[in-house]
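In our numbering, the protein residues as written are 226 to 552.
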């Protein structure tokens with residue numbers, strides 16, 4: 226009896242993974258069938274509309290606006306139903322490719338509202354150029370996805386952008402900047418989306434070095450984030466300080482009273498700690514000018530030379546400290 230029971234238990238343990246694999250295959254197959262059905266409905270609606278009367282220019286904006294409102298409040302099935310209803314009256318394909326809304330194309334709307342399924346459907350049915358198109362603020366759909374923290378949407382958009390023909394730079398969409406000079410990584414840091422930050426860095430590590438219009442790299446922005454995970458992710462990288470554009474991140478840590486980060490930088494990357502600004506000012510020049518006394522606790526044999534250096538104003542950190550005797 227014991228032997229049979231033991232074998233039976235082993236059979237159960239061995240059969241569970243097989244059962245789980247079978248269930249996963251069934252689920253994947255079901256998802257494929259559902260997605261195939263969705264695309265078929267969309268294609269049928271668009272074909273029917275092309276046979277019908279063409280879209281009048283004066284109503285195109287209104288149609289695109291109405292679809293944008295549908296996207297914000299609907300799931301993918303409801304969106305397809307809206308397209309099917311439109312196909313009886315006009316050509317929705319023109320609206321799918323319309324870029325005249327201030328918020329951008331419908332891809333921008335879907336990406337910015339976290340509607341991943343609708344976004345994927347739109348990417349299948351609209352022109353390839355819309356994947357990298359910019360709205361009135363210079364945002365691409367990828368930057369919109371970064372603002373709301375949508376790694377799944379971002380992965381799809383990056384893949385599509387890399388597949389666009391006649392584009393040599395396969396990381397172009399990742400490095401595109403909006404009117405604030407922000408890449409998708411800047412936006413992910415600003416909006417405290419740690420998972421998105423990790424994802425974008427896996428796609429293109431060079432993003433961490435790029436500055437925006439305020440001369441701030443994602444590293445600098447991370448010195449003022451309320452999400453410590455983002456700071457940990459960015460400053461745990463093997464950084465090359467000579468490649469960092471704009472303001473030194475360690476200066477950001479001083480200005481934002483992030484003493485723990487300053488100490489971490491000193492321990493892990495001396496070159497990053499020693500970075501200077503455009504006036505050749507280093508961390509001790511800055512600390513003296515803003516009266517951050519704690520920074521001078523970091524004076525050690527390996528950092529003393531920084532305190533003796535002169536900036537372009539002709540001052541050392543000692544001279545700044547002695548100006549009013551308060552620091």
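For every residue, glycine included, the Cβ atom is placed at its ideal position computed from N, Cα and C.
8 Å CB neighbourhood of residue i in its chain, flanking five on each side removed
i	result
residue 354	389
residue 425	371, 379, 399, 409, 410, 413 and 432
residue 490	460, 474, 475, 478, 497 and 498
residue 548	Confidence at residue 548 is low in this model, with a pLDDT of 46, below 50, so its placement is unreliable and the value that follows should be read with caution. So the list is empty, once near-sequence residues are dropped.
Residues of its chain near residue i, where Cβ-Cβ distance is below 7 Å and the 5 sequence neighbours each way are ignored
i	result
residue 441	471 and 472
residue 292	307, 320 and 331
residue 557	The displayed coordinates of the chain run from 226 to 552. Any statement about residue 557 would go beyond what the structure contains.
residue 324	330 and 358
Endpoints, the alpha helix (DSSP H) within which residue i is located
i	result
residue 446	443-447
residue 303	301-312
residue 473	Note, residue 473: premise wrong, no alpha helix (DSSP H); not H, not E.
residue 509	508-514
residue 520	Taken as a continuous stretch (DSSP letters only), residue 520 belongs to no alpha helix (DSSP H), as it is neither H nor E.
residue 488	484-493
residue 359	Note, residue 359: premise wrong, no alpha helix (DSSP H); not H, not E.
residue 500	That residue, residue 500, is in no alpha helix (DSSP H); it is neither H nor E in DSSP.
residue 368	366-373
residue 321	317-321
Distance, residue j Cα to residue i Cα
i	j	result
residue 199	residue 402	In the structure as shown, the chain begins at 226 and stops at 552. Residue 199 is therefore absent and cannot be evaluated.
residue 359	residue 487	37 Å
residue 370	residue 334	10 Å
residue 337	residue 298	13 Å
residue 451	residue 412	14 Å
residue 396	residue 478	29 Å
residue 343	residue 391	27 Å
residue 301	residue 265	13 Å
residue 356	residue 405	20 Å
residue 267	residue 449	45 Å
residue 512	residue 483	12 Å
residue 261	residue 305	13 Å
residue 523	residue 480	16 Å
Proximal residues to residue i (C-beta, below 6 Å), its chain only, five neighbours per side dropped
i	result
residue 340	296
residue 351	321 and 322
residue 418	374
residue 466	496, 497 and 500
residue 469	434 and 442
residue 385	348 and 356
Problem set entry | Secondary structure, alpha helix (DSSP H): runs of 4+ residues fully inside the segment 410-439 | Entirely contained in the segment 410-439, the alpha helix (DSSP H) runs reaching 4 residues are, in chain order, 419-428.
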